[in-house]
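S.K.: Below you'll find the structure I mean.
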Amino acid sequence: MPSLGADMEAGTLVEWLKRPGDHVKRGDVVAVVETQKGAIEVDIFEDGVIERWLVEPGTTVPVGTPLALIGDGEPAAAVPAPEAAAPAAAAERAAPPAPVQQPPVPALEPEPPARRPRASPAARRLAAEQRIALDELTGSGPDGAIVRSDVERAAAGVAQRSTAPKRLDLGEMRRAIAAAMARSKREIPHYYLSTTIDLTRALAWLEGANATRPPAQRLLLAALLLKAVARALGQAPEFNGFFTTEGFQPGAGIHVGTAIAIRGGGLVAPAIHETEKLSLDELMVRLRDLVARARSGALRSSELSDPTITVTNLGERGVETVFGVIYPPQVALVGFGAPVQRPWAAGGEIAVRRVLTATLAADHRASDGHRGALFLADIDRRLQNPEAL
Amino acid sequence: MTEGVREITYRDAVREAIRGALLTDPRVFLMGEDVGRYGGCYAVTKGLLDEFGPERIRDTPLSESAFVGAGIGAALGGMRPIVEIMTVNFSLLALDQIVNNAATIRHMSGGQFAVPLVIRMATGAGRQLAAQHSHSLEGWYAHIPGLKVVTPATLEDARFMLAAALADPNPVLIFEHVMLYNRSGVLPSGIGTVDIDSAVVRRPGTHVTLLTYGGTLFKTLDAAEVLAKDGIEAEVIDLRVLRPLDAETVLASVGKTRHAVIIDEGWRSGSLSAEISARIMEGAFWDLDAPVGRVCSAEVPIPYPHHLEEAALPQPAAIVAVAKATLGG
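Chains as they are written, first to last, in this note's numbering: chain A, 1 to 389; chain B, 1 to 329.
Now the structure itself:
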C-alpha cells in the first residue's frame, strides 16, 4: 500500500486492474485504492509479471503492506500472506514501495518502446472512436485480450467518473490535511523569505506568445512560475527532496507539486513529473489535465507520492503574500500572490508596474536563509527572461 | 411432392429429387456405377431402373474418367445428365474431365458451348471405410473457377437443390455426406424450390458465428445447444454453396457477433476453412474481437477403428471448446 501523503496510515483496495500473469511495466496502473484523497490509481514502480495478489478488494491495510508479488515470470517460492507481518523479503519484492522509506523514482522517464496491448480489432476501433487508451484497460477476451465489451465498459466508466466526483470524501481529506499540517508545524522549523518580482517582461512575453495561440492553448502565468521554480531548483537541490529519519534526501527528480483547491473545500498538491524538462506548452497541458483529474478524484498514486516541493499560487484569490506551511516530508514551499500594479522604481524613475510577491517557506534543518535567498532571487532572474523558459 | 407433412430420410429426398427431374424433363438421365440394377451404393437410386428403364438409368463401366467424359459430351449435345460418382474418393480418377473439360469448355469455346452437367457424389467419413474411402475433398473442387459446388445438408436442400443444379447452364457438383443419408425428418410442405446461391442461418445467435456445411451442420447445431446452456448464443450458418461462397451472409453475421469459428471435415491446411477465414479477415477484420477459430479433421489419413475415426473428425465437444476459447472462456 503506497503512502499517498505523510499522514496516510492505511488505504482500502478498491479493485485490481491487472490479473496475475499480466506483464506490467513501470508506470502501468495496476489498482485503485480508496484514500483520504479520494480513489487513487496506483501505478507500479517495477517491471515484471504479477505473480499473485496479496490483498483482496475491499480490504483496508496499513501503508507499506505488500499488495502484490511482482516476479520475473519464473515460478516463485511461496510467500506468507501479508497478515503474517510481511517479511522483509516479501516487502522488497512487493510493489509499489512507500516513498517515505525509499527515495521516490521518477515515474516519467522516456519510456522504452511501449508494449502494444493485446486488443482485438473491434476493441481498437471503438477505443479510437471513444479516445480511450487501451493500455489502461484489462482484457476479458482470449488470453486476456481487450475486446470490444471491455472498451464499452471503460467508456461507460469514463462517463461515470467525469460526472460523479463522489470518489472524493471531503471530510476525510480535511482530516488528512489537518494531520499533515499539524505535523508540519510540530516538526519542521520553518523560515520564511519574501521578494517582490517585476512581472513586466513576463506578462509582455505571455501576451505576445498567446496572441497566436487559440484560447484552449493559451499559456497562463502559472506555467511560467512553475517552470521558473523548477529551473531554479536545478541550482538549489536542498529545496527539492524529503526530510526523513535519515536526514535530508534530495529528490531523484524535480517533481513540482501544484496545490489545487478542491471545490467544496480541501486541497491536493499532485506532482508534475520532471517539471523542468517540459516545454511551457507541455506544462500547460499537464497542468490542465492535473486540475481536471484532481477535482474528479482521478489522480495517480505517483502523482501524490512523488512531489519534491510544493508551489502554491493564491494570486487568483487576490492575496498578495503567501506564508506557506511545508507539506511533510518535503522541505520547501514556494508561494505566489496576485500580480498587482504598484509604483516601481526602475532605471532611476518611478513607474507603475505589475509586480508579484514570491515567498519561500523552507525547512531550516535542510537549508539556510542564505541559500533560500539565492533560490528566490534565481526565480526572479528567470522570470525576467521568460523567453528562456 | 405429395401434400402435407411426412417423415422421410435424406436418401428418400435425393431419390425424389432425381425422380422429379426424370419425370419433368426428358433430357435428364442418370448414369454411374451400380446406379441401376444394384440401386446405388447408398441405395439412393433403388427402383429407378424399373420405373425409367435402362435408357435413362444407365449402369456404367468402372471408369470414372470415361463416364464423366461421356456425361460432358451428352451435356454438350443438349442433354441434362446427372452423373453419379460413387464417392468423392473415386472422383480423383475423373479430375481431368471435371477440371480440364467440364470447368473450362465454356471459356475455351469463347462461350459457344456450355456444359449443363450435374455430378453427384458422396463425401465424408464416419462409416469406418478407412483412409482411402473417407475423404472430404469438396474444398478442392471449390478451388476451381467454372464449377459450382453445393453441399445439401438438410432434407429440403437434398430434395430441391438438384432441380436448381439442372437448371444451371454450367457444371454443378453436388456433395452428399455419407452420414446424412439415414437422417430422417419432416420435409416441410409448401417448399418447391431452393436457391443454390446463398448461405442460410440455421440458428440465429448473437455471441459467436459457427460456419459449417454438409455433414458437420448437425454436429454444429448440437454444439450450439450445448453452448446455449452456458448462456452463449451461437449463430449457425449453413454455407450450402462452397463455390461461389456467399461472403455477404458470412460477413453480416461475423460483423454482428464479432467471433467466428469454422467447422469443416476437410483438413485445415490449404483448405476451404482457410479460405473462409481469409475472407473474414479481408471483409470483417475491424469487427473481430478474436482470431477466427477452426475445427477441422486431424491432419492424418482417416483411421479405420471407430474410436480413432471419431477422434479424427470434428465433434461437438471440440466445437464447443473452440467457440468458448474464441470468446475468452
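C-beta atoms are modelled at their ideal positions from N, C-alpha and C, and glycine is treated no differently.
(1) Should the stretch 275-295 of chain B be regarded as contacting the stretch 247-260 of chain B, the criterion being three or more beta carbon pairs within less than 8 angstroms?
(2) Compute the beta-carbon to beta-carbon distance between A:A362 and A:I379, rounded to the nearest angstrom, for a pair I have assumed lies under 8 angstroms.
(3) For the alpha helix (DSSP H) that contains A:A223, what are its first and last residues?
(4) Less than 8 angstroms between the CB atoms is what I'm expecting for B:L354 and B:V250, so what's the real figure, rounded?
(5) Cutting at 6 angstroms between CB atoms, please list the residues of its own chain near B:G69, excluding the five before and the five after it.
(6) Would a check of beta-carbon distances place B:V320 closer than 7 angstroms to chain A?
(7) Of the residues B:F285, B:I232, B:A252 and B:E33, which one's Cα is nearest the Cα of B:A321?
(8) State yes or no: is the beta carbon of A:R125 nearer than 7 angstroms to at least one beta carbon in chain C?
(9) Quick check: the Cα distance between A:D72 and A:P117, rounded to an integer number of angstroms?
(10) Is the Cβ-Cβ distance between A:L220 and A:L360 less than 7 angstroms?
(11) Measure how close the beta-carbons of B:I174 and B:V118 come, nearest whole angstrom, since I'm counting them as under 8 angstroms.
(12) What residues in the stretch 251-269 of chain B bring their beta carbon closer than 8 angstroms to a beta carbon of chain A?
(13) Going along the chain, which residues of its own chain have a beta-carbon closer than 6 angstroms to the beta-carbon of B:A318, five neighbours each way excluded?
(14) Report yes or no: do the stretch 154-165 of chain B and the stretch 124-137 of chain B share at least 3 C-beta pairs separated by less than 8 angstroms?
(15) On the criterion of 16 or more Cβ atoms from any shown chain inside 10 Å, does B:N182 qualify as buried, or is it exposed?
(16) Closer than 7 angstroms by beta-carbon distance: list the chain B residues that pair up with A:G141, in chain order.
(17) What did DSSP end up calling B:T209 once you bin it into helix, strand or coil?
(18) Using a threshold of 7 angstroms, state whether the C-beta atoms of A:F243 and A:R365 are closer than that.
(19) Going straight from the alpha carbon of B:A25 to that of A:A119, what length do you get?
(20) Return the residue from the list A:H370, A:T310 and A:L199 that minimises the CA-CA distance to A:P339.
(21) Looking at chain B, is there any beta carbon in it that lies within less than 7 angstroms of the beta carbon of A:P386?
(22) Just list the residues that DSSP pairs A:H190 with in beta bridges.
(23) Please classify A:L374 as buried or exposed, where buried requires at least 16 neighbouring CB atoms within 10 angstroms.
(24) Can you give the Cα-Cα distance for B:Y304 and B:V241, rounded to whole angstroms?
(25) Where DSSP assigns a beta bridge to A:T12, which residues make up the other side?
(26) Where do the ends of the alpha helix (DSSP H) carrying B:H107 lie?
(27) Here's a check: name, in chain order, each residue in its chain whose Cβ is nearer than 6 angstroms to the Cβ of A:D28, leaving out the five neighbours to either side.
(28) Is the CB of A:A88 under 7 angstroms away from at least one CB in chain B?
(29) Which first and last residues belong to the beta strand (DSSP E) in which B:F90 is found?
(30) Let's test the definition: count the other Cβ atoms within 10 Å of the Cβ of B:L62 and tell me whether it reaches 16, buried, or not, exposed.
(31) Three or more C-beta pairs under 8 angstroms: does that hold for the stretch 31-48 of chain B against the stretch 11-18 of chain B?
(32) Which word fits B:D287, buried or exposed, when buried means at least 16 other C-beta atoms lie within 10 angstroms of its C-beta?
(33) Kindly indicate the opening and closing residues of the alpha helix (DSSP H) around B:F331.
(34) Mark B:M108 as exposed unless 16 or more other C-beta atoms lie within 10 angstroms of its C-beta, in which case mark it buried.
(35) Please determine, among B:G39, B:P152 and B:D34, the residue with the shortest C-alpha to C-alpha distance to B:R202.
(36) In this structure, how does DSSP classify B:G231 when only helix, strand and coil are distinguished?
M.R.: Considering the structure as presented:
(1) yes
(2) About 13 angstroms; that fails the 8 angstroms criterion.
(3) L221 to L233
(4) Residue numbering for chain B in the displayed model covers 1 to 329; residue 354 of chain B lies beyond these limits and cannot be assessed.
(5) Q97
(6) no
(7) B:I232
(8) Reference to chain C is not applicable here, since the protein chains of this structure are A and B.
(9) 19 angstroms
(10) no
(11) 7 angstroms
(12) R258
(13) V295
(14) no
(15) exposed
(16) D289, A290 and G328
(17) strand
(18) yes
(19) Reading off the sequence shown, one finds Asp at residue 25 of chain B, where the question assumed Ala. Answer to the nearest angstrom: the Cα atoms are 58 angstroms apart.
(20) A:L199
(21) no
(22) A:D363
(23) exposed
(24) 29 angstroms
(25) A:E34 and A:T60
(26) I105 to M108
(27) I44
(28) At A:A88 the pLDDT is 43, less than 50, meaning the model places this residue with poor confidence; the figure from the coordinates comes in the next sentence. Output row for A:A88: interface = no.
(29) That residue, B:F90, is in no beta strand (DSSP E); its alpha helix (DSSP H) goes V88 to S91.
(30) exposed
(31) yes
(32) buried
(33) Any property of residue 331 of chain B remains undetermined from this structure, which presents chain B solely from 1 to 329.
(34) exposed
(35) B:P152
(36) coil
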